[in-house]
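A.B. asks: Counting in our numbering, the sequence shown runs from 54 upward without gaps. From the three backbone atoms N, C-alpha and C, an ideal C-beta is built for every residue, glycine too.
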Amino acid sequence: MRNTSMFDVFPYYLALIVAIVLLIMLAQRIRVAYPIVLVLAGLAFSFLPGLPSIQIDPELIFIIFLPPLLYEAAWNTSWKELWRWRRIITSFAFLIVFVSAFSVALVAAHFIPGFTLALGFLLGGIVSPPDAVSAGAILKFVKVPKRMASILEGESLLNDASSLIIFRFALIAVSTGHFLAGNAALNFVWMVVGGIGVGVLIALLFFKTHRLLPTDANTDLVFTLVAPYIMYITAEEIHCSGVLSVVSGGLFLSQRRHLFLSSTSRLRTSNVWESLVFILNGLVFMLIGLDLPEITANLDGVSIYTAIGYGVLITGTLMISRMISTYSAIFVTLFARRYITVADSRHPGYKAPFLMGWAGMRGVVSLAAALSIPVYLDNGTEFPQRNLILFITFIVILLTLVVQGLTLPYLIRAFRISDMDHFLPEEDDYHAMHKQLVEQSLKRLRDQYPMGLNDQPVLKELVQKWENSTLVLEDQLLSTQSREVYLEMLDQQRKWLREWNKDPLVNEEVIRKHLLRLDLEEEKIHYL
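1) Leaving aside the five residues before and after Ile219 along the sequence, list all residues of the same chain whose C-beta is less than 8 Å from its C-beta, in chain order.
2) Quick one: residues in its chain with C-beta nearer than 7 Å to the C-beta of Leu464, no 5 flanking neighbours on either side, listed in chain order?
3) Determine the DSSP secondary structure at Tyr124, reduced to helix, strand or coil.
4) Could you give the distance in angstroms between the alpha-carbon of Val85 and the alpha-carbon of Ala185?
5) Classify Gln489 as buried or exposed, calling it buried when 16 or more other Cβ atoms lie within 10 Å of its own Cβ.
6) With a cut-off of 8 Å on the beta carbons, I'd call Gly335 and Leu91 a contact; round off their distance for me.
7) Name the DSSP beta bridge partners of Tyr429, please?
8) With 16 as the cutoff for other CB atoms within 10 Å, does Phe168 come out buried or exposed?
9) Please list, in chain order, all residues of the same chain as Ser209 whose beta carbon is under 6 Å from its beta carbon, the five residues on each side excluded.
10) Spatial neighbours of Met414 within its chain, please: CB distance less than 7 Å, with the 5 preceding and 5 following residues excluded, ordered by chain position.
11) Looking only at its own chain, which residues have a Cβ that is under 6 Å from the Cβ of Ser318, when we skip the five neighbours before and after it?
12) Need the endpoints of the alpha helix (DSSP H) that Phe603 sits in, please.
13) Please report the straight-line C-alpha distance between Ala280 and Leu540, rounded to a whole angstrom.
14) Apart from the five residues on each side of it in sequence, which residues of its chain come closer than 7 Å, Cβ to Cβ, to Arg310?
15) What's the gap between the Cα of Lys548 and the Cα of Met486?
16) To the nearest angstrom, how far is the alpha carbon of Leu224 from that of Glu479?
17) What three-state label does DSSP hand Thr453 in the structure shown?
18) If you count every other CB in all the chains shown that lies within 10 Å of the CB of Ile73, and 16 or more means buried, which is it?
19) Can the beta-carbon of Trp132 be found closer than 9 Å to that of Ile204?
20) Counting only runs of 4+ residues fully inside the stretch 306 to 347, write out the alpha helix (DSSP H) ranges in chain order.
21) Going by C-alpha distance, which of Val160, His292, Thr262 and Leu498 is nearest Val251?
22) Look at the alpha carbon of Ile426 and the alpha carbon of Leu257, and state the distance between them as a whole number of angstroms.
23) Out of curiosity, what's the CA-to-CA distance linking Thr287 and Leu297?
24) Taking contact to mean at least 3 C-beta pairs separated by less than 8 Å, is the stretch 434 to 450 in contact with the stretch 350 to 358?
25) In chain order, what residues of the same chain lie with their CB nearer than 7 Å to the CB of Phe436, ignoring the 5 residues before and after it?
26) Can you tell me whether Glu527 is buried or exposed, with buried defined as 16 or more other CB within 10 angstroms of its CB?
27) Write down every uninterrupted run of the alpha helix (DSSP H) in the stretch 158 to 218 whose length is 4 residues or greater and which is fully enclosed by it, in chain order.
28) Alpha helix (DSSP H) containing Pro281: first to last residue?
29) Using CA coordinates, which residue listed in Lys555, Ile450, Val242 and Met244 is at the minimum distance from Gly364?
30) Rounded to the nearest angstrom, how far is the Cβ of Ile142 from that of Gly247, given a contact under 8 Å?
31) I want to check one thing, is the minimum distance from the CB of Phe447 to the heavy atoms of the ligand MG below 8 Å?
32) How far does the alpha helix (DSSP H) with Arg499 in it reach, from first residue to last?
33) Would you please state the rounded distance, in angstroms, between the beta carbons of Leu48 and Glu575? I believe it to be under 8 Å.
34) Using three-state DSSP, classify Tyr403 as helix, strand or coil.
35) Among Gly303, Gln308, Tyr66 and Pro198, which has the Cα closest to the Cα of Leu255?
36) Could you pull the start and end residues of the alpha helix (DSSP H) that Thr99 belongs to?
Shown next, in the form of structure tokens:
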């Protein structure tokens with residue numbers, strides 16, 4: 054950044070945020086995933102004269118952006134689906150990432166002058182993890198089977214950790230000139246186990262804090278904002294995976310949100326987090342495009358066209374290796390069903406694996422990892438091929454976002470994959486579950502409050518109105534007895550919903566919609 058005061062650059066960043074909002078609105082209008090539009094727009098803006106130059110600090114990405122984005126993703130991920138598809142998700146998040154990194158290492162060492170196998174693994178660790186935000190933004194425009202969306206969401210939570218582990222070991226190998234497999238294996242175990250352990254432990258402390266201290270909606274919100282940063286920084290300080298720490302802690306608290314957060318806290322934190330993640334995602338992808346001039350300016354000794362060719366080569370390697378690995382993972386699962394119980398033993402066909410393999414857009418974590426490569430080695434010499442690695446990473450992000458990101462929705466529509474889990478249409482499922490809630494609520498009211506139900510018919514009328522998702526509050530509902538009975542029924546319905554959600558055939562998205570509706574109904578009571 055130029056030597057300018059904060060007052061000089063503040064209007065620039067303010068205008069940048071406004072531009073991001075307008076571009077996302079445009080992306081929604083033309084039905085294109087907004088990460089694609091933002092990266093291309095940032096790339097176009099970077100060539101405008103008079104704009105301040107952008108230099109992305111990798112610590113800014115890892116510390117400020119990554120923890121909340123991971124935490125929000127974990128908070129909205131279904132643990133039930135994550136556990137159900139744990140084997141295929143693990144293979145995607147770890148094995149396929151390792152295969153991708155290994156493939157990139159071999160190709161880079163063979164075809165790119167000056168690249169050793171260690172530098173190839175460094176590049177492979179950087180570009181191997183697909184981006185969660187990009188895939189999620191694209192899947193909003195098209196309908197895919199529930200299991201496919203769950204696998205891609207689960208993969209995106211874990212693949213950052215595996216790729217950053219590869220990156221760290223490769224960075225040590227390049228810096229020291231040797232690689233100790235035994236130490237690397239032990240460090241890998243510690244990073245995984247330690248990261249998960251730290252995340253769960255800190256999440257448990259926050260859980261107890263919420264339960265034992267007299268918190269309100271504001272303090273609950275602050276705790277949810279600082280939790281991912283504490284999880285990430287603590288794990289990194291003891292040299293384990295900050296990514297796994299945030300993911301495991303977020304999943305732990307997410308599954309217990311109804312045990313320590315009030316309805317007011319749940320609604321307020323949801324609204325704030327949705328806006329926060331909206332801005333963070335927009336800034337990240339815009340900054341990727343804006344950073345291109347800084348990357349190309351330092352591309353010494355290699356022509357721009359040659360560097361673009363290397364980027365295309367690595368991008369093709371990633372696409373092919375992921376596609377092969379995806380089909381291999383499916384075949385291994387089909388073979389393993391002979392000896393172990395798998396989530397689903399049916400053959401998925403060739404279309405679903407192809408789409409999951411094609412959904413491999415790269416994003417912010419790859420760029421942040423590339424930027425975090427030190428400029429100099431420990432002996433004072435320049436880090437080899439640093440600038441070329443940065444440029445190749447940018448080309449990979451750009452090509453995967455544009456090529457795969459733009460074609461994926463059309464492929465999904467063309468393949469017309471049926472939902473093998475045979476879920477009801479979500480609207481029908483919602484109303485069927487609502488009817489079941491009403492029936493059980495009426496039965497409970499008649500069993501436990503027969504006199505109260507007769508004396509205050511508004512309770513019966515109110516429960517019947519739930520069937521149509523409407524709520525009409527009369528003055529007589531303001532009586533203390535009616536209020537207490539009604540709030541108790543809302544809590545009981547939440548318990549029923551959480552119990553029903555243990556069934557793997559129940560759609561958790563429908564469960565969450567009902568839980569949100571109950572929170573909104575409880576809020577209406579509080580404001581009367």
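C.D. replies: Result, derived from the coordinates:
1) Here residue 219 refers to the residue found at position 166 when the sequence shown is read from its first residue. Closer than 8 Å at Cβ, skipping near neighbours: Val150, Phe151, Ala154, Phe174, Gly177, Gly178 and Ser181.
2) Mapped onto the sequence shown, residue 464 falls at position 411. Contacts found: Leu408 and Trp411.
3) On the sequence shown, position 71 is the one that residue 124 refers to. The answer is helix: DSSP assigns Tyr124 an H, G or I state.
4) Taking the sequence shown and counting its residues from 1, the one referred to as residue 85 is at position 32. Taking the sequence shown and counting its residues from 1, the one referred to as residue 185 is at position 132. Approximately 16 Å between the Cα atoms of the pair.
5) Position 436 of the sequence shown holds residue 489. So Gln489 ends up on the exposed side.
6) Residue 335 sits at position 282 when you count from the first residue of the sequence shown. Residue 91 sits at position 38 when you count from the first residue of the sequence shown. Gly335 to Leu91, Cβ: 6 Å. Contact.
7) Stepping through the sequence shown from its first residue, residue 429 is reached at position 376. Beta-bridge pairing links Tyr429 to Glu435.
8) The residue you call residue 168 lines up with position 115 of the sequence shown. Looking at its Cβ environment, which holds 16 or more other Cβ atoms inside 10 Å, Phe168 is buried.
9) In the sequence shown, counting from the first residue as 1, residue 209 sits at position 156. For Ser209, where only same-chain residues beyond five positions count, the Cβ hits under 6 Å are Ala185.
10) Within the sequence shown, the letter at position 361 stands for residue 414. Hits under 7 Å: Pro183, Asp184, Ser187, Ala188, Thr453, Leu454, Gln457 and Gly458.
11) By one-based count along the sequence shown, residue 318 stands at place 265. Here the set comprises Ala270 and Asp273.
12) An answer regarding residue 603 cannot be provided, because it is not within the stretch 54 to 581 covered by the chain.
13) The residue labelled residue 280 in the question sits at position 227 within the sequence shown. The residue labelled residue 540 in the question sits at position 487 within the sequence shown. Taking the straight line joining both Cα atoms gives about 30 Å.
14) Numbered from its first residue, the sequence shown carries residue 310 at position 257. Hits under 7 Å: Arg319.
15) Start at 1 with the first residue of the sequence shown, and residue 548 comes out as number 495. Start at 1 with the first residue of the sequence shown, and residue 486 comes out as number 433. The straight-line gap from Cα to Cα measures roughly 14 Å.
16) One-based indexing of the sequence shown puts residue 224 at position 171. One-based indexing of the sequence shown puts residue 479 at position 426. Glu479 has its alpha-carbon roughly 47 Å from the corresponding atom of Leu224.
17) In the sequence shown, residue 453 corresponds to position 400, counting from 1. The answer is helix: DSSP assigns Thr453 an H, G or I state.
18) The count along the sequence shown starts at 1 and reaches residue 73 at position 20. Ile73 comes out buried.
19) Residue numbering aside, residue 132 sits at position 79 when the sequence shown is read from its first letter. Residue numbering aside, residue 204 sits at position 151 when the sequence shown is read from its first letter. Against a cut-off of 9 Å, the Cβ pair of Ile204 and Trp132 comes out as no contact.
20) 310 to 313 and 316 to 343
21) Position 198 of the sequence shown, counting from 1, holds the residue named residue 251. Considering only alpha carbons, the answer is His292.
22) By 1-based counting over the sequence shown, the position of residue 426 is 373. By 1-based counting over the sequence shown, the position of residue 257 is 204. Whole-angstrom Cα-Cα distance: 34 Å.
23) Translated into the one-based positions of the sequence shown, residue 287 becomes position 234. Translated into the one-based positions of the sequence shown, residue 297 becomes position 244. Taking the straight line joining both Cα atoms gives about 12 Å.
24) yes
25) The sequence position of residue 436 within the sequence shown is 383, counting from 1. Counting only Cβ-Cβ distances below 7 Å, and skipping sequence neighbours, we find Ile426, Pro427, Val428, Tyr429 and Leu430.
26) Locating residue 527 in the sequence shown gives position 474, counting from the first residue. Note that Glu527 scores a pLDDT of 47, beneath 50, so its modelled location is shaky; the value from the coordinates is reported in the next line. Counting Cβ neighbours within 10 Å, Glu527 comes out exposed, since fewer than 16 surround it.
27) 170 to 180 and 185 to 192
28) Counted from its first residue, the sequence shown places residue 281 at position 228. First-last of the alpha helix (DSSP H) with Pro281: Ala270 to Glu290.
29) One-based indexing of the sequence shown puts residue 364 at position 311. Closest option to Gly364, Cα to Cα, is Ile450.
30) Here residue 142 refers to the residue found at position 89 of the sequence shown. Here residue 247 refers to the residue found at position 194 of the sequence shown. That belief does not hold up - the Cβ atoms of Ile142 and Gly247 are roughly 21 Å apart, past 8 Å.
31) What this structure holds is no ligand at all, so the ligand MG is not there to describe.
32) Locating residue 499 in the sequence shown gives position 446, where the first residue counts as 1. Its alpha helix (DSSP H) spans residues Glu479 to Gln501.
33) Any question about residue 48 goes unanswered here, given that the chain covers just 54 to 581.
34) For this step, residue 403 is matched to residue 350 along the sequence shown. Here Tyr403 sits in coil by DSSP.
35) Within the sequence shown, the letter at position 202 stands for residue 255. Residue 255 is actually Ile in this sequence, not Leu. Considering only alpha carbons, the answer is Gly303.
36) The residue given as residue 99 occupies position 46 in the sequence shown. At residue 99 the sequence reads Ser, which differs from the Thr that was named. In this chain, Ser99 is not harboured by any alpha helix (DSSP H), its DSSP state being neither H nor E.
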